[in-house]
Structures are given as structure tokens and as C-alpha cells.
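Q:
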Amino acid sequence: MSSTTGEAAAAPARARRVVYRHSLLVRLTHWINALCFAILLMSGLQIFNAHPALYWGMASTFDKPFLALTAEENDDGVVKGVTTIYGKSFATTGVLGTSRDDDGELAERGFPGWITIPSYQDLATGRRWHFFFAWILVLNGLVYLANLLVRRRLTREFVPSSRELRSIPHSILEHARLRFPKGDEALHYNVLQKLAYLSVIVAFPILILAGLTMSPGIDSAFPWLLSLFGGRQSARAIHFIAASYLFLFFLVHIVMVLVSGVFNNMRSMITGRYAIEEDAHGS
Amino acid sequence: MARDVGLSRRQILSRGLAAGAAVGLAACDRLSQASDSRSALEAAESLTKAVQRALIGPREALAPEYSEADISKVFKANGSTEPDDPDYQRFREEGFASWRLVVDGLVEKPQRLSLADLRALPSRTQITRHDCVEGWSCIGKWTGAPLKEVLDLAGLKPGARYIVFHCADTLEQTLDGTGQYYESIDLVDAFHPQTILAYDMSGAPLPVAHGAPLRLRVERQLGYKMAKYVMRVEAANDFSSLGRGRGGFWEDRGYEWYAGI
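Protein chains in written order, with my numbering: chain A, 2 to 284; chain B, 451 to 711.
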């Protein structure tokens, strides 16, 4: 076996084989989830804009939020956007606190219109989008999770072994050099992929539970949720932070898709087929 | 042409993404306004209500109550805080002495109750969390007559399905009078033990900013359901003929009638 691999590597054209990597269910739930996440993120920022401040605890302590996006007007009538995190203020004019409205005027607004649904200030409609797609996200997530558990994919594909955990530094180095696994190794997620995907599988339920904890109806049915998250305002903060984490994951995910063979990656998530380059030992 | 060829793949990609995002956002704005897509989005409310009621309903679960130490030092007042409606001004000047709560609609015995009458009814005091649809929360202490007591006095007729609260404040100036605040709840919430008509806040008569002389507390829903400056309680079969027909001032402006989330 190893001798044939050696021959293939020596050939000018590298040997490729196409494997069936993602099942139809995984592909479908992935894209539904992507659509829902984009809409939930953007309508969520619309909802956040109605009161762009975060607090820890059960209730709001209006004089000391740990995060606030505000607009300040100085004596000359100049409007500035200010982001305050734990008492430290940053000038964020044009993006956070203030941004340009349709007429090009600087207006007071937490997050700018180009990242909210709808783009104009409208809490009621933002909530309609949010709750509609929250239901789809939850139902879609349950289908995905059921498949994961029934087919025992969670431990097999996503939970790293202790040997893999010890190889984290090596894997980080390989990623930094943009060297990605080839051959049989590319058939499985590497340890960083496993940890990243696992964190997403964990972050979504946290995000959803924290969101539900903001509901006064759910709180009367399950008051323990309030204890779990440390209060209603803490739940709102954790909902925001979990969403921010998932957005960060999304950015890294996109970069990795781009740098590790965008065509092959997209094809594998659309048709399921993924091409593997056989490992070239000689190089 | 030659210039276009010079665009790097990164430029093409980022411009494509930006254009795609702009188109997507414009589409979302249009879908937000078109009536068909709007009612599709609104379908989620029925599902939310059905599921929440199934989770809460049979157990008659109470909203969490808090201790004196948890009471917010600043309790934000939203919506009307200083109604300038002439009728309200008159009542306010005389300390609500001649104010009467009208209870009518689909009831056997319509009522006109003074504040003294309401205070003579069994009372309930609760320290609860007020969640505004905007996202903030405050904890306050409310004392009032359970709505159930008032409804039992009047006696609901069989057709009554909703309880409507007509308020003294005009929150938006409109030509057709639909800027008057009103709210409605169904009988599940109307007969819930924590649903009270509050006349006291923190042991003192309700301040004007918080709805003097009487406001509704519906603790398992958001703040906008808890009508302030309540003048009239009407039992009704439906609310389509009131305001703009969606059961409340904010509901008429796109917010959910079921505000449990």
C-alpha cells in the first residue's frame, strides 16, 4: 500500500479521490441553520438597539451597565458615538452609538442599519423576524441533534481523544502555516475542527436557553432558568455574548473555508462530494 | 475592461459579498412591509402562545416573586408618564375622588367602583419583575385588587372571551382617535391570581408616572400589556372593532398580542 502511494506521489499529477463526506441531512440542516443564524443575528441587533445596554443580575441598574452604546452631543452640537465597556469609553462614531441614516445624517443608534433587520429602527418587526426564524432554528437544530445522537456521530466525529488534545499545539502550527491534512487524515476532522464544531454544538443550546430565560412566560414555567443564568438581565447579556461568539466562529469558519480549498469545501456542503488529495510523502 | 481583469479574486469576492448583503437587506426590508410575508412572520406568535400556554397553563404557574431587598431603586416609567388629556387632568387635580372604574360590556351587573370600593376588595401584594419589550427589567412592589374579584362582582356573561382595558392616556395624536391607549387579555390571564388592578406601588398610592390611580399587572407578559391609567374594564367577545383591531395600542403598531416572550 505504501509503495503505491509513493508512486502516486511521484507522479506529476497528484492522485485525488472523491469521497461522500456530508449526508443530505447534514447539508440541508447546515444551510437552513446558516440562513436562520444570519437573520437571527441581524434581527437580534435590531432588538438590542431598542435598549443598547447590558447588565448583570436580575434587573437593570441603569446607571451602571457593563456595556452601553450611546450618543453624546458636545456643546457645539457635534454628535459622537460612544461605546462603554466596564466604565472604559471608546469613540465609535459612525458605527456604534451613532451611524448615518438614509439621509446621511449621523443618528443615535446602537448598531448601524446595514447590519440590522429591518435596516430602519423598528423593534416590533425585528421581533417578528427573530421569533419566526428562532422557531425554524430550533426545529432544524433538533433534527440535526437527533441525527447526531441516533447515529452516534457526536462522540465519533466531534469529541477529541486525549491523544488529539495533546496534539493541539502541533495542529495550531500546521493551521498557521496553512498546511491542511491530506489523504486519510482529511477524512476526519482534526482536533481544532472538532473543538470548534463542538463549541458551536454547545453554544447554540446556551444561546437558545438564555433567550428563553428573557421570556416572562417561560420564567413562570421554569424559574430555575433564572438561577441557571444568574437573572434575567444576565441571561440577556449571555444571549448577546453567545451570539457574538457564534459570529466569531462564523468569521473563522468562512476564512478556513476560503483558504483550505473553497471550491472543494463548497461542493462538499452542496453535493456532499469532497475531493481528497493523497498524501505526498516525498515532498 | 482591462481594469476589470485586474481585479483580484479577493476584490471580486468582497464586492460580490457586499452587493449580495445589500440586496439581501433590501429584500428583508421589503418583506417586512409586504402584507403576505408579514402575516407569515406573524404566524410564529400563535405557535409561541400555544407552546407557552401548554407549558405554563395547566399548572397555573406563578411568575417569580422577589424580596424587598430586590426592589429596583429606579423603576423606569415608559409610554405616557404625564397624560395631558383634560378628563384625566381633572381627576388628578381632585386626587381621583370622583374617579370611578367602569366595569361593563358582557357582564351581568355593570359596576362603577371608586378607589375606596377597590381597596375594600380582597387585596394582593406582590414583588415582581417588570420586563419591558425594549429589553430592560425593573423589580417593583404592587398592591391591588385581583382582577378576578372585580370580574366576579360584575359576573361575566357566557360570550365574554377577552377583558379590554380602556385607558385615560393618548399616547399618539391621531385623527381617528386610535392613539388612545388600550389593552386586552384573555380569560386565562384575567383569572390568574397575580393579575391585579394595582392602586399602590411600594406601599404608597400609585405615582402618576406609573399609571395613577389604577394600572393592570399581568406578570407573565411584557410591560406593554400592563395598561396604566385604567378607566374602564370591558368584557368582550372580540376586539376587532376597537382601535385598529389588534387588541391593543402597541399591537396595532405591530407588536404581539401574546407578549409572553
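In this text, a Cβ means the ideal position worked out from N, Cα and C, and glycines have one as well.
(1) Assign residue 75 of chain A to buried or exposed, taking buried as 16 or more other Cβ atoms, counted over all protein chains shown, within 10 Å of its Cβ.
(2) Specify the secondary structure class of residue 487 of chain B as computed by DSSP and reduced to three states.
(3) In terms of alpha-carbon separation, which member of A:23, A:32, A:29, A:41 lies closest to residue 478 of chain B?
(4) Taking only heavy atoms of the ligand SAH into account, decide whether any of them is closer than 7 Å to the Cβ of residue 82 of chain A.
(5) Please specify which runs of the beta strand (DSSP E), each continuous and at least 3 residues long, are wholly inside the region 58-143 of chain A, giving them in chain order.
(6) So what does DSSP say about residue 270 of chain A, is it helix, strand or coil?
(7) Identify the continuous alpha helix (DSSP H) that holds residue 217 of chain A and give its terminal residues.
(8) Between the region 68-83 of chain A and the region 91-99 of chain A, do at least 3 Cβ pairs fall closer than 8 Å?
(9) Taking 8 Å as the threshold (C-beta atoms), are residue 20 of chain A and residue 188 of chain A in contact?
(10) Roughly how many whole angstroms lie between the Cα atoms of residue 684 of chain B and residue 615 of chain B?
(11) Here's a check: name, in chain order, each residue in its chain whose Cβ is nearer than 6 Å to the Cβ of residue 510 of chain B, leaving out the five neighbours to either side.
(12) Do we get a CB-CB distance below 8 Å when we pair residue 25 of chain A with the residues of chain B?
(13) Assuming contact is defined by CB atoms lying nearer than 8 Å, are residue 215 of chain A and residue 244 of chain A in contact in what I supplied?
(14) Beta carbon of residue 693 of chain B, beta carbon of residue 591 of chain B: below 8 Å?
(15) Assuming residue 646 of chain B is part of the beta strand (DSSP E), what are its boundary residues?
(16) Chain B beta carbons: is any one of them nearer than 8 Å to that of residue 237 of chain A?
(17) Please confirm whether residue 130 of chain A has its beta-carbon closer than 8 Å to some beta-carbon of chain B.
(18) According to the Cβ coordinates, are residue 606 of chain B and residue 556 of chain B closer than 8 Å?
(19) Return the residue from the list A:240, A:63, A:254, A:220 that minimises the CA-CA distance to residue 502 of chain B.
(20) Ordered along the chain, which non-local residues of its own chain (more than five positions away) have a Cβ less than 8 Å from that of residue 452 of chain B?
(21) What first and last residue would you give for the beta strand (DSSP E) that runs through residue 540 of chain B?
(22) Quick one, are the C-beta atoms of residue 546 of chain B and residue 657 of chain B less than 8 Å apart?
(23) Does the region 198-210 of chain A come close enough to the region 174-189 of chain A that 3 or more CB-CB pairs lie under 8 Å?
(24) If we define contact as Cβ-Cβ less than 8 Å, is residue 59 of chain A a contact residue for chain B?
(25) Cβ of residue 392 of chain B within 8 Å of Cβ of residue 488 of chain B?
(26) Run the CB neighbour count on residue 43 of chain A, radius 10 Å, all protein chains shown included, and call it buried at 16 or more, exposed below.
(27) Determine the burial state of residue 572 of chain B: buried for a count of at least 16 other Cβ atoms within 10 Å of its Cβ, exposed for fewer.
(28) To the nearest angstrom, how far is the alpha carbon of residue 227 of chain A from that of residue 519 of chain B?
(29) Kindly list, in the order they appear in chain B, the residues whose Cβ is closer than 7 Å to that of residue 200 of chain A.
(30) Residues of chain A with CB closer than 8 Å to the CB of residue 514 of chain B, please, in chain order.
(31) Could you tell me which chain B residues have their CB closer than 7 Å to the CB of residue 136 of chain A, listed as they occur along the chain?
(32) Inspect the CB distances between the region 131-145 of chain A and the region 155-175 of chain A and report whether three or more fall short of 8 Å.
(33) Could you tell me whether the Cβ atoms of residue 631 of chain B and residue 569 of chain B are closer together than 8 Å?
(34) Whose C-beta lies closer than 6 Å to the C-beta of residue 640 of chain B among residues of the same chain, with five residues either side of it excluded?
(35) Going by beta-carbon coordinates alone, are residue 710 of chain B and residue 499 of chain B separated by less than 8 Å?
A: So, from the data block:
(1) Working through the first sequence from its first residue, we reach residue 75 of chain A at position 74. Exposed, since its Cβ has fewer than 16 Cβ neighbours within 10 Å.
(2) Stepping through the second sequence from its first residue, residue 487 of chain B is reached at position 37. Residue state, collapsed to three classes: helix.
(3) Within the second sequence, residue 478 of chain B is the residue found at index 28, counting from 1. Cα-wise, what sits closest to residue 478 of chain B is A:41.
(4) Summarising the ligand content, the structure contains no ligands, and the ligand SAH is consequently not present.
(5) For the region 58-143 of chain A, whole beta strand (DSSP E) runs of length 3 or above, ordered along the chain, are 68-74, 80-86, 89-92, 98-101, 107-110.
(6) As a first step, residue 270 of chain A must be located in the first sequence, where it is residue number 269. Here residue 270 of chain A sits in helix by DSSP.
(7) The residue you call residue 217 of chain A lines up with position 216 of the first sequence. Per DSSP, residue 217 of chain A belongs to the alpha helix (DSSP H) from 217-222.
(8) yes
(9) Within the first sequence, residue 188 of chain A is the residue found at index 187, counting from 1. Within the first sequence, residue 20 of chain A is the residue found at index 19, counting from 1. Result yes, Cβ atoms of residue 188 of chain A and residue 20 of chain A sit closer than 8 Å.
(10) Looking up residue 684 of chain B in the second sequence gives position 234. Looking up residue 615 of chain B in the second sequence gives position 165. Residue 684 of chain B and residue 615 of chain B: Cα-Cα distance of roughly 6 Å.
(11) Your numbering for residue 510 of chain B matches position 60 in the second sequence. No residues qualify anywhere along the chain.
(12) As a position in the first sequence, residue 25 of chain A is number 24, starting the count at 1. It does not: the Cβ of residue 25 of chain A has no partner Cβ on chain B nearer than 8 Å.
(13) Residue 215 of chain A sits at position 214 when you count from the first residue of the first sequence. Residue 244 of chain A sits at position 243 when you count from the first residue of the first sequence. Cβ distance not < 8 Å, so residue 215 of chain A and residue 244 of chain A don't count as in contact.
(14) As a working mapping, residue 693 of chain B is identified with position 243 in the second sequence. As a working mapping, residue 591 of chain B is identified with position 141 in the second sequence. At a Cβ-Cβ threshold of 8 Å, residue 693 of chain B and residue 591 of chain B do not count as neighbours.
(15) Here residue 646 of chain B refers to the residue found at position 196 of the second sequence. For residue 646 of chain B, the uninterrupted beta strand (DSSP E) segment begins and ends at 646-651.
(16) Here residue 237 of chain A refers to the residue found at position 236 of the first sequence. Taking Cβ atoms only, chain B reaches closer than 8 Å to residue 237 of chain A, which makes this a yes.
(17) Your numbering for residue 130 of chain A matches position 129 in the first sequence. Taking Cβ atoms only, chain B reaches closer than 8 Å to residue 130 of chain A, which makes this a yes.
(18) One-based indexing of the second sequence puts residue 606 of chain B at position 156. One-based indexing of the second sequence puts residue 556 of chain B at position 106. Yes, the pair counts as a contact, with Cβ atoms nearer than the cut-off.
(19) Position 52 of the second sequence holds residue 502 of chain B. Cα-wise, what sits closest to residue 502 of chain B is A:220.
(20) Taking the first residue of the second sequence as 1, we reach residue 452 of chain B at position 2. For residue 452 of chain B, the predicted structure reports a pLDDT of 45, less than 50, and the residue's modelled location is therefore unreliable. The matter cannot be settled from this model.
(21) One-based indexing of the second sequence puts residue 540 of chain B at position 90. It is not in any beta strand (DSSP E) - residue 540 of chain B instead sits in the alpha helix (DSSP H) that spans 536-543.
(22) As a working note, residue 546 of chain B is residue 96 in the second sequence. As a working note, residue 657 of chain B is residue 207 in the second sequence. In this structure, residue 657 of chain B does not lie closer than 8 Å to residue 546 of chain B by Cβ.
(23) no
(24) Translated into positions along the first sequence, residue 59 of chain A becomes position 58. By this cut-off, residue 59 of chain A is an interface position.
(25) Any question about residue 392 of chain B goes unanswered here, given that chain B covers just 451 to 711.
(26) Your numbering for residue 43 of chain A matches position 42 in the first sequence. Around the beta carbon of residue 43 of chain A, 16 or more other beta carbons lie within 10 angstroms, which makes this residue buried.
(27) Here residue 572 of chain B refers to the residue found at position 122 of the second sequence. Exposed, since its Cβ has fewer than 16 Cβ neighbours within 10 Å.
(28) As a working mapping, residue 227 of chain A is identified with position 226 in the first sequence. As a working mapping, residue 519 of chain B is identified with position 69 in the second sequence. Their Cα atoms are separated by approximately 17 Å.
(29) As a working note, residue 200 of chain A is residue 199 in the first sequence. Here the premise fails: no neighbours, minimum Cβ distance about 25 Å.
(30) What you label residue 514 of chain B is simply residue 64 of the second sequence in a count that begins at 1. Near residue 514 of chain B (Cβ distances below 8 Å), the residues of chain A are 220, 221, 224, 227.
(31) Here residue 136 of chain A is taken as the residue at index 135 of the first sequence, counted from 1. Simply 494, 497.
(32) no
(33) Numbered from 1 along the second sequence, position 181 holds the residue referred to as residue 631 of chain B. Numbered from 1 along the second sequence, position 119 holds the residue referred to as residue 569 of chain B. Going by C-beta atoms, residue 631 of chain B is not nearer than 8 Å to residue 569 of chain B.
(34) Here the question's residue 640 of chain B lines up with position 190 in the second sequence. The residues are 597, 613.
(35) Stepping through the second sequence from its first residue, residue 710 of chain B is reached at position 260. Stepping through the second sequence from its first residue, residue 499 of chain B is reached at position 49. Yes, these two residues count as a Cβ contact at 8 Å.
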